[in-house]
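Position 131 (the sequence shown) corresponds to 132 in this note's numbering; numbering is contiguous.
Just so you know, even glycine gets a beta-carbon here, dropped at the ideal spot from N, CA and C.
This one's a predicted model, so the numbers in the text were calculated from it and none came from an experiment.
The structure under discussion appears below in the form of structure tokens.
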Amino acid sequence: MDLALFGKLLGRWLWPESCAHCLRDIKEESRGGLCRNCFHKETSPIHRPFCLSCGSPLSGSRPECPPCRGKKRACRPIVALYAYRDAAVSAIRAFKYLGHQRAALELGSAMGGRFADYPEISDFEAAVPMPLHWRRLRERGYNQAELLARGLFRETGLPIVHALRRSRRTMPLVSLTREERKEAVSDAFEPALPADAIHGRRFLLIDDVATSTASLEECARTLRRAGAAAVGAYVLARQF
Ligand SMILES: [Zn+2]
Ligand SMILES: [Zn+2]
């Protein structure tokens, strides 16, 4: 094989050929599987104020959105970098379904780059990637939440701890009502560490998309029951 062809194949392996959102060839530096333009202009960062309980943007000055007011949450705060729309959707599809693992690492780094902007999550001791069921892990070959956590670690040094595992496989929650989602994830997780490794510690759950907060809440409940002092979440994107 000649060197030019080898270089091209290597390049194609390392960088997806085209932007996951606009599909144009990526000629310059890319990030998260996106061209520079889509990464900077076609994503929708969630700005303050946002609801500390669920991560949704807020219009008023109160710290929580109307549905969250007065509710006690096991997972708090939930911070999301982007709204789940536009280029964030394309990037997440690319690393979740098209195997672009490098995109997930880079977006984890992007989460790390913004970490200092969120003092609410600065005192968590360890990142806990949302676990995949072992069968899905085997199908996909990697856990995208773990790749995000690794990218986050690169920027912040926040250690990764696999504190949870799935005790059973759950159906996709997208089409379910709020109550059905709660039911679907009930007891779906269990601690993956001995009690003394969880007791008194502060864990930050990491995930790609929070559609409802049912899975994050169930994970947090599982860790809190095992003695965790606090559980929050930092997700790449929040769907409203
Ligand atoms: Zn693009
Ligand atoms: Zn809320």
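Applying the 10 Å Cβ sphere with the 16-neighbour rule, what's the burial state of residue i?
i, result
"residue 113", "buried"
"residue 100", "exposed"
"residue 214", "buried"
"residue 208", "buried"
"residue 218", "buried"
"residue 196", "exposed"
With H, G and I counted as helix, E and B as strand and the rest as coil, what does DSSP make of residue i?
i, result
"residue 83", "strand"
"residue 166", "strand"
"residue 76", "strand"
"residue 122", "helix"
"residue 33", "coil"
"residue 151", "helix"
At a cut-off of 7 Å, is residue i close to ligand 2 when judged by its beta-carbon and the heavy atoms of the ligand?
i, result
"residue 68", "yes"
"residue 65", "yes"
"residue 60", "no"
"residue 76", "no"
"residue 213", "no"
"residue 220", "no"
"residue 54", "yes"
"residue 216", "no"
When the distance is taken between beta carbons, is residue j closer than 8 Å to residue i?
i, j, result
"residue 238", "residue 89", "yes"
"residue 161", "residue 151", "yes"
"residue 192", "residue 167", "no"
"residue 111", "residue 82", "yes"
Around ligand 1, what residues have a beta-carbon under 5 Å from a heavy atom of it, in chain order? 20, 22, 23, 36 and 39
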